[in-house]
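Participant: Pasting a structure below so you can have a look.
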Amino acid sequence: MVIFIEKALLFMITLRLISGSIEITAALLMFKFNDLEKAFYINSLLALVGPVILIMTTGIGLYGLAGKMPLTKSIGLVCGILLILYSLRSK
């Protein structure tokens with residue numbers, strides 16, 4: 003039995019696995035250092051990784067669905083992602 007996985011899906015899965023590995027590594031580093039200031043610094047760096055992975059995986063997904071999804075849904079999805087990113091930056 004051969005399982006076929008689209009390239010776009012494989013890239014999205016790989017990025018999410020990398021992102022999860024970064025999160026786990028950061029938690030282990032916080033535990034190792036046992037210092038609130040260093041943990042805060044590590045957490046701040048993680049705040050940069052999350053949106054980057056979100057944008058990359060969504061971009062890959064949209065590229066993979068380019069011919070299969072109506073333009074209005076694609077625009078709505080991009081607008082939703084932009085609103086998420088805007089809300090992360092607002093105070």
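In the numbering used here, the protein residues as written are 3 to 93.
All residues carry an ideal CB built from backbone N, CA and C; glycine is no exception.
The structure presented is a predicted model; accordingly, all values stated were derived computationally and were not measured.
Considering L67, what are the terminal residues of the alpha helix (DSSP H) in which it resides?
Facilitator: No alpha helix (DSSP H) holds L67; DSSP gives it neither H nor E.
Participant: Mark M3 as exposed unless 16 or more other C-beta atoms lie within 10 angstroms of its C-beta, in which case mark it buried.
Facilitator: Exposed: under 16 other Cβ atoms inside 10 Å.
Participant: Using 10 angstroms around the beta-carbon of M71, count the other beta-carbons present and answer buried if the total reaches 16, otherwise exposed.
Facilitator: Classification of M71: exposed, given that the 10 Å Cβ count is below 16.
Participant: On the three-state DSSP scale, how would you describe N45?
Facilitator: DSSP places N45 in helix when its eight states are reduced to three.
Participant: Suppose the cutoff is 7 Å on Cβ atoms and the five residues either side in sequence are ignored; what does the same chain contact list for S76 look like?
Facilitator: Result list for S76: L64, in chain order.
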